[in-house]
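Quick note on the numbering used here: the sequence shown kicks off at 2 and runs consecutively.
Backbone N, C-alpha and C define an ideal beta-carbon position, used for all residues, glycine too.
Presented below is the structure to which this report refers.
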Amino acid sequence: MSRPENEHRAPAVVVVGAGPLGAGVLERMVAGAPGLCGDALGGPGLDVHLVDPYPAGAGRIWRHAQSPLLAMNSMAADVTMWTDDSVVCDGPIAPGPSFWEWAQELRGHGDPETELGAEAAAELATVTASTFPTRRLQSHYLSAVLREVIARAPAGMRIHLHRTTAESLTEDGDDQLVGLADGRTLRADAVVLASGHLDATPTGEECALRDRAGELGLRYLPPEQTSDSDLSVIAPGETVLARGLGLAFVDLAALLFEGRGGRFVPDADDPDQLRYVPSGREPVLVAGSPRGATYHSKTHYQLRGGRPTVPHFLTPEVTDRLIDGGGPVDMREQVWPLMAKEIGRGWYHELFHGHPDRVRTGWDEFAARFDEVPHGSPEEAGLIATTVPDPLDRLDLTALDRPLDGVRAPDLDTLQPLVRERIAEDLRQHVDDRHTPHLGAFVAMLSVYTETTRLAGSGVLSPRSRARDLPWWQSFFNSVASGPPGFRVRELLALSRGGHLKFLGAGMDVTLDDAGFHATSSTLDGAEPVTAPVLVDARLPDPSLSRTSDPLLAGLLAAGQAVEEVLHDDDGTPLRNTGLLSVRPADGALHTASGAVHERRFAVGPHTTVKVAGAFTRPRDERAEPALQRRRRPRRPGCAAGSGRARDPRGLTAARRPEGSRAALRRRAERPRCRVSPARRPARPRPAAPRPPRGCAGASSRPPRPR
Numbered sequence: 002m003s004r005p006e007n008e009h010r011a012p013a014v015v016v017v018g019a020g021p022l023g024a025g026v027l028e029r030m031v032a033g034a035p036g037l038c039g040d041a042l043g044g045p046g047l048d049v050h051l052v053d054p055y056p057a058g059a060g061r062i063w064r065h066a067q068s069p070l071l072a073m074n075s076m077a078a079d080v081t082m083w084t085d086d087s088v089v090c091d092g093p094i095a096p097g098p099s100f101w102e103w104a105q106e107l108r109g110h111g112d113p114e115t116e117l118g119a120e121a122a123a124e125l126a127t128v129t130a131s132t133f134p135t136r137r138l139q140s141h142y143l144s145a146v147l148r149e150v151i152a153r154a155p156a157g158m159r160i161h162l163h164r165t166t167a168e169s170l171t172e173d174g175d176d177q178l179v180g181l182a183d184g185r186t187l188r189a190d191a192v193v194l195a196s197g198h199l200d201a202t203p204t205g206e207e208c209a210l211r212d213r214a215g216e217l218g219l220r221y222l223p224p225e226q227t228s229d230s231d232l233s234v235i236a237p238g239e240t241v242l243a244r245g246l247g248l249a250f251v252d253l254a255a256l257l258f259e260g261r262g263g264r265f266v267p268d269a270d271d272p273d274q275l276r277y278v279p280s281g282r283e284p285v286l287v288a289g290s291p292r293g294a295t296y297h298s299k300t301h302y303q304l305r306g307g308r309p310t311v312p313h314f315l316t317p318e319v320t321d322r323l324i325d326g327g328g329p330v331d332m333r334e335q336v337w338p339l340m341a342k343e344i345g346r347g348w349y350h351e352l353f354h355g356h357p358d359r360v361r362t363g364w365d366e367f368a369a370r371f372d373e374v375p376h377g378s379p380e381e382a383g384l385i386a387t388t389v390p391d392p393l394d395r396l397d398l399t400a401l402d403r404p405l406d407g408v409r410a411p412d413l414d415t416l417q418p419l420v421r422e423r424i425a426e427d428l429r430q431h432v433d434d435r436h437t438p439h440l441g442a443f444v445a446m447l448s449v450y451t452e453t454t455r456l457a458g459s460g461v462l463s464p465r466s467r468a469r470d471l472p473w474w475q476s477f478f479n480s481v482a483s484g485p486p487g488f489r490v491r492e493l494l495a496l497s498r499g500g501h502l503k504f505l506g507a508g509m510d511v512t513l514d515d516a517g518f519h520a521t522s523s524t525l526d527g528a529e530p531v532t533a534p535v536l537v538d539a540r541l542p543d544p545s546l547s548r549t550s551d552p553l554l555a556g557l558l559a560a561g562q563a564v565e566e567v568l569h570d571d572d573g574t575p576l577r578n579t580g581l582l583s584v585r586p587a588d589g590a591l592h593t594a595s596g597a598v599h600e601r602r603f604a605v606g607p608h609t610t611v612k613v614a615g616a617f618t619r620p621r622d623e624r625a626e627p628a629l630q631r632r633r634r635p636r637r638p639g640c641a642a643g644s645g646r647a648r649d650p651r652g653l654t655a656a657r658r659p660e661g662s663r664a665a666l667r668r669r670a671e672r673p674r675c676r677v678s679p680a681r682r683p684a685r686p687r688p689a690a691p692r693p694p695r696g697c698a699g700a701s702s703r704p705p706r707p708r
């Protein structure tokens, strides 16, 4: 990447996005710059520009300007933005404080009220290692991290923060020109798109549903970040249908109930339960999903038998062989048996080591036999039945994936205690340390997720596997490993017992006519549909480059300088449009419509075809809840030595070994279908309609992708 001889501008890199992802890219650049950009730093220097309309460090998702009711999905001790000796990367290790260490340091030696404000300082005073802090407090930690990263920048490295939107990306020769909303243009040698989770305007179906509902005086809230939803259109006492029971739903419930003045207090009859005290301003929430139950609770205990010896079946070496083979790899046939065995090993390692009184043999004998028998075989089932006498101690992946299998009810009222019983039992098993095998399985799932992420990013999975098996695995993983804290599940159970939340069951189906939205489920046998004037799709929008509201990415797509991934079967039949920005697996360089790769434009994050395991990792310690590693093949981050040129920005993101990390994962809910029926009578007056979703006028009219 040479520069013309008459070019006197210092080398420059623009990072679009200054949230945790962009800050992480900058941290690796700062750490690696002295060794890789020494000549540039000693001469003209290196300019790095971070562009984001939201607060630098926190970005949009973690900004302070959101409800204090919205909590993180990780404990204070489980979050860091820094590297340590558990990290696999080519650049230097640059340790720094975890969230918990930052909180302790600020409390002990700082002035929290001056630095954070009174409200955040009050929360900081109550934080413990096992607290799930608010997102608002996390925003302060992330801001502190970015300030420290900037302070560590070597002499000659100049960091510029631009609180505005990057609207365009063009070029002048080799120079990349980033047009900003404030009228300025940044000239750079390379651009890294680290935008994080992107907004997408509603689909054609969602726009049609919104428009039809509006004509009938009904209200429909499409998928979006719950913190951005206009919930004021929901009137007190109204029945509201919610599609999705994942983390977006948990946020929705918090805002609609406690956010409207309700309170949770200890139940006088059962101190282990909560009771909801209504404010009178809350609606009645009727919620369902394909699975029909909330995500599994976070575990609230530590392993008793030490960390499971994983990876054992789906190891990095196995993944390397699959990748080096060039594919296509069938995930269900070739990889899932190894994944299931790995999860089983994590479960049974903890059972045999942590609860030896509940098994009939030693671990070494069991493990040797378990390694030999195929997953799902009669031999495996016989081995487990012989050595693990209590069925409750046996891993049941089907029950984890489909928690309401076997539950049927003739009506909604009869269904409620049945669903509550399943959710309450699941919660009990995740807080009672007699059930620590759940944590052993969780540890193994993290290892498995790391390897499947590598496979997905390598391009060797077959199109069918990417279109069908990979989305199923992501959904299953999220439901098991990325569930809400236990206190949130207790709150949902309290809402249900009080009649404020009703579970619709699995296989939710919604139709629309002039009388309202009508919801049924496969769990309800012949019951009358539940009718409501409001439908909320309680999930994040699917990624979609063609529907993105990001002007820079939309412009690149329109110009053929970026392409959206579309999966095709062997015969050329389209299988699925993933909506993801297509990038080169090796380094994240952007593909163009001509099939070329742009060597000066890179992208990293969940909106690309190459995934990383998560934004936050867990500091290394002796607890047995390791974070996801972000493993990559070796590559050099930063600048080419002596040239001052940016190279391989994707390599700047650190990777963690399985024994010392965890990431807060992207949640994703399944998409149900909604049929629109013609109106049969005039619409009745309704409360004010929500603001129209952005982009409906030009949204795609293609049907939703298969679940």
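Unbroken beta strand (DSSP E) runs of no fewer than 3 residues, entirely contained in the stretch 216-291, are found at 220-222, 240-244, 264-268, 271-278 and 285-290, following chain order. Closest in C-alpha terms to residue 46, from the list 55, 600 and 13, comes 13.
A distance below 8 Å separates the beta carbons of residue 589 and residue 609.
Setting aside the 5 residues that flank it on each side, residue 24 is surrounded in the same chain by 58 and 147, each with a C-beta closer than 6 Å to its C-beta; the list follows chain order.
DSSP places residue 521 inside the beta strand (DSSP E), whose first and last residues are 517-521.
Within a 10 Å sphere around the beta-carbon of residue 415 sit fewer than 16 other beta-carbons, which makes this residue exposed. In this structure, residue 252 lies near residue 71, with their beta-carbon atoms less than 8 Å apart.
Shortest Cα-Cα distance from residue 218 to any of 564, 571, 558 and 517 involves 517. Less than 8 Å divides the Cβ of residue 18 from the Cβ of residue 60. Inter-residue distance for residue 474 and residue 330 is about 15 Å (C-alpha atoms, whole angstroms).
Here the C-alpha atom of residue 209 lies approximately 49 Å from the C-alpha atom of residue 159.
Per the coordinates, the alpha-carbon of residue 66 lies some 7 Å from the alpha-carbon of residue 137. Separation of the CB atoms of residue 558 and residue 565 is rounded to 7 Å, and the pair is thereby assigned contact status at 8 Å. An exposed status is given to residue 327, since fewer than 16 other beta-carbon atoms sit within 10 Å of its beta-carbon.
Contact annotation: residue 500 and residue 523 have beta-carbon atoms that are not nearer than 8 Å. If you look at residue 581, you'll find it in the beta strand (DSSP E) that goes 575-582.
Between residue 41 and residue 77, the C-beta spacing is not below 8 Å.
Residue 275 and residue 442 have their C-alpha atoms roughly 29 Å apart. Residue pairing from DSSP places residue 160 in a beta bridge opposite 49. Of the candidates 448, 227 and 100, 448 places its Cα closest to the Cα of residue 347. Sixteen is the threshold: when 16 or more other Cβ atoms of the shown chains lie within 10 Å of the Cβ of residue 351, as they do, the residue is buried.
Taking each of 144, 151, 600 and 125 in turn and checking the Cα distance to residue 64, the smallest one comes out for 144. Per DSSP, the continuous beta strand (DSSP E) segment holding residue 171 begins and ends at 167-173.
Cβ neighbours of residue 342 within its own chain (closer than 7 Å, five residues either side excluded): 314 and 376.
Taking 8 Å as the cut-off, the beta carbon of residue 602 is found no closer than this to the beta carbon of residue 247. Taking 3 residues as the shortest admissible run, the stretch 287-368 contains no complete beta strand (DSSP E) segment at all. In the DSSP assignment, residue 177 falls within the beta strand (DSSP E) that extends over 176-181. Following the DSSP letters along the chain, one finds residue 29 inside the alpha helix (DSSP H) bounded by residues 21-37. For the pair residue 239 and residue 287, the Cα-to-Cα distance works out to about 11 Å. Inter-segment contact for the stretch 354-361 and the stretch 384-398 is present: three or more beta-carbon pairs are separated by less than 8 Å.
Between residue 320 and residue 456, the C-beta spacing is below 8 Å. According to DSSP, residue pairing for residue 506 in a beta bridge involves 289.
The C-beta separation of residue 494 from residue 425 comes to about 6 Å, placing the pair in contact by the 8 Å criterion. Taking 4 residues as the minimum length, the alpha helix (DSSP H) runs contained wholly in the stretch 415-494 are 438-459 and 471-482, in order along the chain.
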